[in-house]
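Novice:
In full-length UniProt numbering, the protein residues as written are 1 to 108.
(1) Between residue 64 and residue 47, is the Cβ-Cβ spacing less than 8 Å?
(2) Which value, in whole angstroms, describes the spacing of the CA atoms of residue 71 and residue 37?
(3) Assuming residue 93 contacts residue 9 (C-beta within less than 8 Å), just tell me the rounded distance between them.
(4) What is the DSSP secondary structure of residue 38, counted as helix, strand or coil?
(5) Drop a sphere of 10 angstroms on the beta-carbon of residue 77, count the other beta-carbons inside from all chains shown, and report buried for 16 or more, exposed for fewer.
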């Protein structure tokens, strides 16, 4: 899943905690890259109890990871993400990853 603001994709994880952040935007679970966390107003939804933005959306519910508050997800059509699927360069990233895993030379 790419960053919902800029479309950049996560790279292979390093040891330790991920610098990427999860949140809920317009009733959808989203990921936010470290750069967008610093540069943008994230427009994330807030917990109805503690006002935290540490929310996750799953199985028709939105849960606050800070205080445990849970509410049903609002029904209706999901809103289109800010970044469209099929971000540029994705096919090249997939090809490079497959080449690494399968021991192929790039482009071959």
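Ideal Cβ positions, reconstructed from N, Cα and C, are used throughout, including at glycine.
All of these numbers come straight from a predicted model, not from anything done at the bench.
Specialist: Taking the coordinates as given:
(1) Here residue 64 corresponds to residue number 64 of the chain shown, with the count starting at 1. Here residue 47 corresponds to residue number 47 of the chain shown, with the count starting at 1. Contact flag set, yes.
(2) Working through the chain shown from its first residue, we reach residue 71 at position 71. Working through the chain shown from its first residue, we reach residue 37 at position 37. So the two alpha carbons sit approximately 25 Å from each other.
(3) For the purposes of this step, residue 93 is taken as residue 93 along the chain shown, with counting starting at 1. For the purposes of this step, residue 9 is taken as residue 9 along the chain shown, with counting starting at 1. So it is a contact: roughly 6 Å between Cβ atoms.
(4) Within the chain shown, numbered from 1, the residue matching residue 38 stands at position 38. Note: residue 38 maps to helix in three-state DSSP.
(5) Residue 77 sits at position 77 when you count from the first residue of the chain shown. Legend: pLDDT at residue 77 = 48, less than 50; position of this residue unreliable, no value from coordinates given.
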